[in-house]
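Numbering (the numbering used here), first residue to last: 7 to 257. Down below is the structure, laid out as structure tokens.
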């Protein structure tokens with residue numbers, strides 16, 4: 007199936023599974039549903055679903071075109087039933103070095119039951135710097151986990167990437183800029199059915215200085231001085247933060 011919206015930008019296509027009963031496998035090698043976003047990467051599968059565990063509450067892609075493929079092996083199994091819809095928010099952003107992302111309807115209050123995904127892709131070799139406007143930030147509080155409405159940042163090309171932070175009025179975004187460790191940043195905005203608030207403003211820009219200011223989520227890697235293998239500049243002050251699994255240590 008090919009799903010394509012009438013608009014060509016600023017939209018999120020989301021899927022909701024009513025029923026899911028496919029043959030289970032750790033890597034979905036037998037029966038599976040694959041979701042691809044050809045306008046983002048024509049060669050990559052964005053998500054694969056199998057078994058009985060439904061993605062909740064939604065599964066969404068920040069694009070206006072989605073390919074859905076169902077494949078099964080020679081053993082019959084169960085059924086699946088899913089619906090899809092379109093949210094007039096989110097989208098895929100590339101080909102520019104800076105921009106601003108705002109909540110739906112901003113500066114008016116945002117909508118209830120929204121699910122918006124933005125994917126920012128910078129040029130290879132660049133990271134992405136994100137700065138919240140704290141004076142404009144007003145997202146319904148929901149405890150330390152922000153269970154009602156939330157803005158979440160992910161260090162990579164999807165919401166399966168490591169989470170940088172999940173923010174609402176109980177857990178405010180940092181006052182300083184956040185920097186990714188790659189050329190991708192995913193932003194997810196979710197709201198419940200009830201109280202709506204003012205929203206948010208996020209300013210972002212790409213950075214190729216190589217001088218730290220990065221959040222690194224990886225089991226292994228390397229860190230290089232700015233301009234390596236050439237000489238680093240004077241008056242540098244670079245800072246890297248490395249995250250790993252709680253049970254691991256870094257050497």
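Glycine is no exception: its CB is placed at the ideal position from the N, C-alpha and C atoms. No experiment lies behind these values; they were computed from the predicted model shown.
Who are the Cβ neighbours of residue i in its own chain at under 6 Å, not counting the five residues just before and after it?
i	result
residue 5	With the chain running from 7 to 257 in the structure shown, residue 5 is simply not present.
residue 89	22
residue 29	36, 37 and 83
residue 27	58, 84 and 85
residue 75	40
residue 179	138 and 173
Could you pull out every residue in the same chain whose Cβ sits closer than 7 Å to the Cβ of residue i, ignoring the five residues on either side in sequence?
i	result
residue 197	116, 117, 118, 119, 120 and 155
residue 78	37
residue 44	71 and 73
residue 258	This structure cannot speak to residue 258, because the chain is shown only from 7 to 257.
residue 91	20
residue 201	146
Which first and last residues belong to the beta strand (DSSP E) in which residue i is found?
i	result
residue 88	86-93
residue 122	121-127
residue 77	71-77
residue 104	104-108
residue 201	Counting along the chain, residue 201 falls outside any beta strand (DSSP E), and DSSP gives it neither H nor E.
residue 236	Run containing residue 236: none; DSSP gives neither H nor E here.
residue 137	133-138
residue 178	Looking at the DSSP string, residue 178 is not in any beta strand (DSSP E), and its letter there is neither H nor E.
residue 208	207-213
residue 246	246-249
residue 97	97-99
Below 8 Å CB to CB, which residues in the same chain sit around residue i once its five sequence neighbours on both sides are set aside?
i	result
residue 134	126, 128, 185, 186, 189, 190, 191, 210, 211, 212 and 213
residue 106	207, 208, 209 and 210
If residue i and residue j are in contact, beta carbons under 8 Å, what's the gap, nearest whole angstrom?
i	j	result
residue 157	residue 195	5 Å
residue 159	residue 136	6 Å
residue 108	residue 205	7 Å
residue 18	residue 66	5 Å
residue 24	residue 87	4 Å
Heavy atom of the ligand NAP less than 8 Å from the Cβ of residue i, yes or no?
i	result
residue 55	The ligand NAP is not part of this structure, which contains no ligands at all.
Using 8 Å as the threshold, is the region 148-159 in touch with the region 167-187, meaning 3 or more CB pairs across them? Yes, they touch.
What are the uninterrupted segments assigned as beta strand (DSSP E) that are 3 or more residues long and contained completely in the region 147-175, given in chain order? 156-160 and 169-173
Can at least three beta-carbon pairs, one atom from the region 96-112 and one from the region 158-166, be found at a separation below 8 Å? By the Cβ rule, the region 96-112 does not count as touching the region 158-166, because fewer than three pairs are nearer than 8 Å.
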